[in-house]
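In terms of numbering that gives the first Met the number 0, the sequence shown opens at residue 0 and continues consecutively. Glycine included, each C-beta is placed from N, C-alpha and C at the ideal position.
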Amino acid sequence: MATIVLVSCGSAKKKEPSPARELYTGNLFRASFAYAQALNADKIFILSALHGAVDPAMEIAPYNVTLSPVSKKIKAKQPGLRVLTAAEKLAWAVKVTHQLAMISNIEEDQFIFLAGSAYINPLRGRLVNIYEPLKGINLFDRVSWIKIKLAEIGS
Numbered sequence: 000m001a002t003i004v005l006v007s008c009g010s011a012k013k014k015e016p017s018p019a020r021e022l023y024t025g026n027l028f029r030a031s032f033a034y035a036q037a038l039n040a041d042k043i044f045i046l047s048a049l050h051g052a053v054d055p056a057m058e059i060a061p062y063n064v065t066l067s068p069v070s071k072k073i074k075a076k077q078p079g080l081r082v083l084t085a086a087e088k089l090a091w092a093v094k095v096t097h098q099l100a101m102i103s104n105i106e107e108d109q110f111i112f113l114a115g116s117a118y119i120n121p122l123r124g125r126l127v128n129i130y131e132p133l134k135g136i137n138l139f140d141r142v143s144w145i146k147i148k149l150a151e152i153g154s
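Pasting the structure below:
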């Protein structure tokens, strides 16, 4: 059984195409990716709303798409932001499941999600062994929680 960590993307991005692990610049993504690396998993992928499950080394261009619900205030600040519809979220889940099935055993491998429910829920029932260490932790407390865990690991 392999361990695969899935880290959700973030809205803060560089302006130019970059390897996925460098494209996302937000504090939560950076902390989550560092934690994923510290877990010594067999594989790490970034869950991109546009591209699906992305290898961290894959170069991608910045984009403005999300699975997460967005307030009117945020939409006003980011007029180009596209929130996936229910049908698009289903298609995204099918795509991610297919991508993961190509490189893992989706019925036996353990998938550790460092992501919010908007990125986990569409994949429920498609992946058997899901672990959500951030479940129940407020979005604004996640970076602090991850930093504590990194200190415990010694990273």
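N- and C-terminal bounds of the beta strand (DSSP E) containing residue i
| i | result |
| --- | --- |
| residue 130 | 128-130 |
| residue 109 | 109-113 |
| residue 3 | 2-7 |
Extent of the continuous alpha helix (DSSP H) to which residue i belongs
| i | result |
| --- | --- |
| residue 98 | 85-102 |
| residue 116 | 116-119 |
| residue 40 | Where residue 40 is concerned, there is no enclosing alpha helix (DSSP H), given that its DSSP letter is neither H nor E. |
| residue 189 | What is shown of the chain runs 0 to 154, which leaves residue 189 out entirely. |
| residue 73 | 71-76 |
Residue i in three-state terms, based on DSSP
| i | result |
| --- | --- |
| residue 46 | strand |
| residue 142 | helix |
| residue 123 | strand |
| residue 31 | helix |
| residue 149 | helix |
Bridge partner(s) assigned by DSSP for residue i
| i | result |
| --- | --- |
| residue 18 | 58 |
| residue 23 | 12 |
| residue 53 | 45 |
| residue 64 | 81 |
Rounded distance between the beta-carbons of residue j and residue i, thought under 8 Å
| i | j | result |
| --- | --- | --- |
| residue 43 | residue 36 | 7 Å |
| residue 115 | residue 67 | 7 Å |
(message) Whether or not the segment 75-92 and the segment 118-138 are in contact is what I'm after, with contact meaning three or more pairs of Cβ atoms, one per stretch, closer than 8 Å; do they touch?
(response) As far as the Cβ criterion goes, the segment 118-138 touches the segment 75-92, which means the pair count is three or higher.
(request) Indicate whether the contact test is met: 3 or more Cβ pairs, each with one atom in the segment 96-103 and one in the segment 63-83, closer than 8 Å. (result) At 8 Å Cβ cutoff, the stretches do not touch.
(message) When you compare the segment 58-65 with the segment 13-25, are there three or more beta-carbon pairs, one atom per stretch, that lie closer than 8 Å?
(response) As far as the Cβ criterion goes, the segment 58-65 touches the segment 13-25, which means the pair count is three or higher.
(request) Examine the Cβ distances between the segment 29-41 and the segment 128-147 and report whether three or more of them are shorter than 8 Å. (result) Below 8 Å, enough C-beta pairs join the segment 29-41 and the segment 128-147 to call them touching: three or more.
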